[in-house]
Amino acid sequence: MAAFTLAYVPGVTPAKWARIWAERRPNEPLTLLQTDVADQVAALRDGRANMSLVRLPIDRDGVHLIPLYVEQPVVVVPKEHPVTEFDEVTLADLAGETMLELPDLTDAQLIEVVATGAGLALLPQSVARLYGRKDVKYRPVTDAEPTEVGLAWLADTESELTEELVGIVRGRTARSSRAAPTPPAEKPEKPKRPATAKPARKPAPKRAHRQSSGAPKPRKKRGR
Numbered sequence: 620m621a622a623f624t625l626a627y628v629p630g631v632t633p634a635k636w637a638r639i640w641a642e643r644r645p646n647e648p649l650t651l652l653q654t655d656v657a658d659q660v661a662a663l664r665d666g667r668a669n670m671s672l673v674r675l676p677i678d679r680d681g682v683h684l685i686p687l688y689v690e691q692p693v694v695v696v697p698k699e700h701p702v703t704e705f706d707e708v709t710l711a712d713l714a715g716e717t718m719l720e721l722p723d724l725t726d727a728q729l730i731e732v733v734a735t736g737a738g739l740a741l742l743p744q745s746v747a748r749l750y751g752r753k754d755v756k757y758r759p760v761t762d763a764e765p766t767e768v769g770l771a772w773l774a775d776t777e778s779e780l781t782e783e784l785v786g787i788v789r790g791r792t793a794r795s796s797r798a799a800p801t802p803p804a805e806k807p808e809k810p811k812r813p814a815t816a817k818p819a820r821k822p823a824p825k826r827a828h829r830q831s832s833g834a835p836k837p838r839k840k841r842g843r
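Residue numbering for the sequence shown follows the working numbering, starting at 620 and increasing by one per position.
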């Protein structure tokens with residue numbers, strides 16, 4: 620029994636969608652595979668995964684993508700950094716700071732470097748929370764470009780199972796369908812009552828008209 624594999628990057632939690640899949644496809648197991656951001660599309664191209672929950676941007680060549688949601692960026696700083704005195708900061712507040720961009724490191728390794736005091740890092744909030752340490756803290760950066768999470772798969776691997784997972788992440792119910800809805804059956808017409816002949820009305824009797832004689836009525840004489 621071949622498994623359908625869904626890859627996902629750190630910070631994304633596919634547990635809810637996996638549970639719904641298990642309810643709808645009990646005979647077709649869904650396997651979860653965590654990948655790094657640098658490997659998120661490669662897992663599709665080399666066949667390790669059928670679909671992947673990715674963090675944008677990605678190489679879209681030959682890839683279908685459905686955007687799902689955006690994430691608030693945060694700045695990760697050493698525990699004693701002045702930024703920790705604020706509930707949130709802006710990019711202007713971070714001017715002059717050393718911002719680390721080390722693409723060869725995983726997110727967990729990058730946060731470890733931040734803990735040494737070598738610099739600060741901008742990361743999605745879910746990632747900072749996932750790899751949280753006692754020697755670092757993070758604060759929202761209100762005007763930083765948000766990051767976006769989407770569901771991706773290769774265009775030439777479209778199948779019933781990819782459509783199933785697309786429906787799940789989009790919130791479609793098990794009964795819903797991509798097909799056009801069947802028009803409702805027409806209600807049978809109620810049989811009409813047979814028309815009954817109404818009895819002909821009898822002509823109303825003509826009233827007798829008094830014929831007035833041409834002679835005037837006699838007047839009463841007044842007493843003298």
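All C-beta atoms, glycine included, are put in the ideal place defined by N, C-alpha and C.
Buried or exposed by the 16-neighbour rule on C-beta atoms within 10 Å, applied to residue i
i, result
"Thr632", "exposed"
"Thr766", "buried"
"Asn669", "buried"
"Ala622", "exposed"
"Val628", "buried"
"Ile639", "buried"
"Pro722", "exposed"
"Gln659", "buried"
"Ala641", "exposed"
"Arg758", "buried"
"Ser745", "buried"
"Gly681", "exposed"
Cβ separation of residue i and residue j, assumed to be a contact under 8 Å, to the nearest whole Å
i, j, result
"Ala626", "Leu652", "5 Å"
"Val741", "Asp726", "Here residue 741 turns out to be Leu, not Val, going by the sequence shown. Between Asp726 and Leu741 the Cβ distance is about 11 Å, and since that is not below 8 Å, they are no contact."
"Leu684", "Leu773", "In fact, because the Cβ distance is near 11 Å, the residues do not count as touching under 8 Å."
Member of the options whose CA lies at the smallest distance from the CA of residue i
i, options, result
"Val760", "Gln659, Val673, Glu707", "Glu707"
"Trp636", "Asn646, Ile787, Arg679, Thr792", "Ile787"
"Val689", "Asp775, Thr792, Leu773, Gly769", "Gly769"
"Asp678", "Pro692, Ala657, Val695", "Ala657"
"Lys698", "Arg638, Leu784, Asp655, Val733", "Val733"
"Ala771", "Thr781, Asp712, Val695", "Thr781"
"Arg667", "Leu749, Thr624, Thr717", "Thr624"
"Val696", "Val673, Ala737, Asp762, Pro686", "Ala737"
"Pro645", "Arg789, Glu783, Glu731, Val755", "Glu783"
Beta-bridge pairing of residue i - partner residues as DSSP gives them
i, result
"Gln653", "Tyr627"
"Arg674", "Val768"
"Pro686", "Gly769"
"Pro633", "Bridge partners of Pro633: none, in fact."
"Val660", "According to DSSP, which records beta bridges pairwise, Val660 is partnered with nothing at all."
"Val696", "Lys756"
Residue i: CB within 7 Å of a non-hydrogen atom of the ligand GTP
i, result
"Glu767", "Absence of the ligand GTP is noted for the structure shown, with no ligands found whatsoever."
*Hey, which unbroken runs of the beta strand (DSSP E) at 3 residues or more fall wholly within the stretch 707-787?*
Within the stretch 707-787, the complete beta strand (DSSP E) runs of at least 3 residues are 740-743, 755-759, 766-773.
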